[in-house]
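*Asks:* Please find one structure pasted underneath; my questions will follow.
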Amino acid sequence: ANNPPSLTVGGPNTGMVNDSLSFSFRGTDPDSDRIRYHISWDNNTSVEEVLPPSTEQCWFPGICFNVPQYVNSGTTRSSIYSWSSAGTKRFRARAQDSRGAYSPWVIKTVTIGEPEPEPEPVTYQLNVLTLPSGSGSATGAGAYNEGTLVTSIATANPGFTLLSWSQCDSVTGTTCRVTM
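Note that the working numbering has the sequence shown beginning at 6, numbered continuously upward.
Next up, the structure:
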């Protein structure tokens with residue numbers, strides 16, 4: 006008599022949309038038969054992945070066959086899978102021995118969440134004034150995201166001279182640099 010193998014499925018119980026999650030499959034066969042693993046990622050009876058995958062062997066040009074591959078009983082194989090939508094996901098797997106006996110399907114449940122949305126950038130308004138009014142102009146006024154390095158350049162009108170800047174991180178001549 007050929008006894009069916011047993012199967013243990015490991016891996017995370019939670020993940021995020023589009024995360025690559027690694028799952029392990031370990032089967033043992035009471036008769037020490039070699040085994041392979043069938044995985045149905047969409048939790049139906051169709052098999053989307055077999056570990057190890059079959060290999061193609063050609064006996065004559067144009068006459069090729071897919072030959073099932075097996076691993077020793079007790080060998081763990083892994084596969085990576087991701088889901089493109091959030092929710093409770095289930096997949097099933099089973100082990101098959103080299104003499105055709107199957108383990109029962111093992112169902113694994115994974116809760117997939119939505120990734121956190123990117124936070125809105127913090128923006129600051131930069132006001133640039135020349136005093137007294139009419140003494141000159143300065144560039145750089147506007148709204149900037151936090152962390153942006155802004156360079157402001159002052160130009161004095163005839164008869165005026167730039168005396169100083171205020172609230173700059175650094176000053177070089179008529180140039181003020183500030184990090185928002």
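Quick reminder that beta carbons are idealized off the backbone N, C-alpha and C, glycines included.
By the 10 Å Cβ neighbour count, where 16 or more other Cβ atoms means buried, how is W64 classified, buried or exposed?
*Replies:* Here the question's residue 64 lines up with position 59 in the sequence shown. Here W64 is exposed: its Cβ has fewer than 16 other Cβ atoms, across all protein chains shown, within 10 Å.
*Asks:* Looking at N7 and T114, is the spacing between their C-beta atoms short of 9 Å?
*Replies:* In the sequence shown, residue 114 corresponds to position 109, counting from 1. In the sequence shown, residue 7 corresponds to position 2, counting from 1. The Cβ-Cβ distance between T114 and N7 does not fall below 9 Å.
*Asks:* Let's see if you can read the secondary structure: which residues bound the beta strand (DSSP E) around W64?
*Replies:* As a position in the sequence shown, residue 64 is number 59, starting the count at 1. Start and end: T60 to F65.
*Asks:* From the DSSP output, read off the bridge partner residues of Q101.
*Replies:* Your numbering for residue 101 matches position 96 in the sequence shown. Answer is R41 and Y107, bridged to Q101.
*Asks:* Are the beta-carbon atoms belonging to P186 and N23 less than 9 Å from one another?
*Replies:* Summary: the structure shown does not reach residue 186, with the chain confined to residues 6 through 185, and so no result is reported for it.
*Asks:* From the DSSP output, which residues share a beta bridge with E54?
*Replies:* By one-based count along the sequence shown, residue 54 stands at place 49. Bridge partners of E54: I44.
*Asks:* Quick one: what does DSSP say Q130 is sitting in, helix, strand or coil?
*Replies:* In the sequence shown, the residue the question calls residue 130 occupies position 125. Strand.
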